[in-house]
Amino acid sequence: MKVICLLSGEHPILPAKELEVAGTVTDLWPQVALMDCPDPAKTARLAQTHLVLRYLATCEPTLDAVKSMLADLDLSPDGTFAVRAKKVCGTPIEAEPPTIERFAGGLIGGKVSLTAPDHEYHLVFSGDRCFCGELLLRIDRRAMDLRNPYGRPFFHPGVMMPRMARTLVNLSLAEPGEILYDPFCGTGGTMLEADLIGIRAYGSDTDRAMLIGSRQNLPGAEVLAGDATCLPVRSAAVDAVVSDLPYGQSVPIIAPSLEKLYSGSLEEIRRVLKPGRRAVIVTHQPIGTIAQEYLTVLGQYEQRVHKSLTRRILVLEK
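Numbering (my numbering), first residue to last: 164 to 481.
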């Protein structure tokens with residue numbers, strides 16, 4: 164099925180890259196992606212997408228073009244309907260969303276219900292296009308926000324927020340039933356997000372207090388004490404690795420240096436990862452040169468967290 168994804172825009176690249184877990188992106192506009200999606204239900208796991216729409220048509224971003232497009236579609240839905248309009252970055256149309264919604268609603272046959280429609284049509288204006296689609300799924304991003312780590316049984320400063328943890332899991336392309344491993348599991352945030360979508364999450368850490376905390380945050384968590392440079396895992400045993408590597412600031416390390424820790428852990432990640440599968444690694448230092456000694460670098464992305472911290476996200480493949 165061809166779908167339209169309304170992206171969050173919280174990062175210039177990651178929202179579109181995350182879509183790979185659900186399908187193949189065919190075109191991109193600001194905050195809008197067109198995607199071939201064999202199973203739209205898979206988009207429910209996304210963290211940086213607001214809406215998923217069944218693609219109907221596209222036109223120039225003018226009211227006259229919208230009128231012509233809707234005439235060609237000749238929409239006559241069974242039951243009630245509503246039209247929602249959204250303007251994102253760079254669209255030239257001057258009409259405001261309520262005006263567009265009333266205009267388009269008058270061109271569709273049927274009874275309008277703004278509160279509980281049987282069909283919900285969306286007009287998304289982005290750049291030099293207007294995209295028309297029918298709502299398939301509204302991503303429950305609020306549920307991720309409610310899993311704020313400050314409200315978990317065990318908390319430690321510097322943990323990653325759920326939306327980003329879920330994004331990293333999705334970038335790994337791990338599927339339900341597969342094994343995802345986090346060699347620096349900390350308080351278990353990445354494992355929690357993986358577990359919620361049916362992925363078998365395992366982790367290890369050198370800090371036993373973190374392991375106790377992981378089990379509090381995710382009861383029954385499969386975690387054990389282990390040095391990331393000598394993982395207690397057999398070779399080619401895991402389908403994905405996702406981990407936020409320590410920065411050597413608030414978290415102590417046992418390696419002689421951060422560089423030794425990074426190179427040693429990357430060597431072990433290559434060993435335990437199945438051929439052709441992905442590792443998604445987060446650091447605060449540019450380690451692409453080190454990483455490419457052990458794995459193929461598919462992508463490198465930066466996310467500024469605050470004044471003194473920029474996350475560097477590497478997507479790697481064995």
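Ideal placement from N, C-alpha and C gives every residue a C-beta, glycine not left out. Values in this document were obtained by computation on a predicted structure and should not be read as measured data.
- Taking a C-beta distance under 8 Å as the contact criterion, leucine 219 and glycine 296 qualify as a contact pair.
- Residue environment analysis places asparagine 311 among the exposed positions, since fewer than 16 neighbouring C-beta atoms fall within 10 angstroms of its C-beta.
- Apart from sequence neighbours up to five positions away, the residues of its chain that approach arginine 326 with a beta-carbon distance below 6 Å are Ala210, Met307, ordered along the chain.
- For glutamine 466, the enclosing beta strand (DSSP E) stretches over residues 459-469.
- In the DSSP assignment, phenylalanine 244 falls within the beta strand (DSSP E) that extends over 243-250.
- Residue burial is scored here from C-beta neighbours: lysine 180 has at least 16 other C-beta atoms within 10 angstroms and is therefore classed as buried.
- Contact between leucine 226 and glycine 272 is ruled out by a C-beta separation of about 19 Å, above the 8 Å threshold.
- Distance from asparagine 380 to leucine 355 at the Cβ level is roughly 6 Å; contact confirmed, criterion being Cβ atoms closer than 8 Å.
- Annotation: glycine 351 to valine 401 spans about 17 Å, alpha carbon to alpha carbon.
- Out of Ala328, Val215, Glu283, the CA that lies nearest to the CA of leucine 177 is found in Ala328.
- Using a C-beta cut-off of 8 Å, the segment 385-399 makes contact with the segment 354-371, since at least three inter-stretch Cβ pairs fall below that distance.
- In the structure shown, methionine 232 adopts helical secondary structure according to DSSP, grouped into three states.
- Within the same chain, and ignoring the five residues on either side of glycine 172 in sequence, the residues whose Cβ sits closer than 6 Å to its Cβ are Gln194.
- Taking C-beta atoms under 8 Å as the contact rule, arginine 217 and valine 166 qualify, at a distance of about 6 Å.
- An exposed status is given to proline 320, since fewer than 16 other beta-carbon atoms sit within 10 Å of its beta-carbon.
- Straight-line measurement puts the Cα of glycine 361 at about 20 Å from the Cα of methionine 323.
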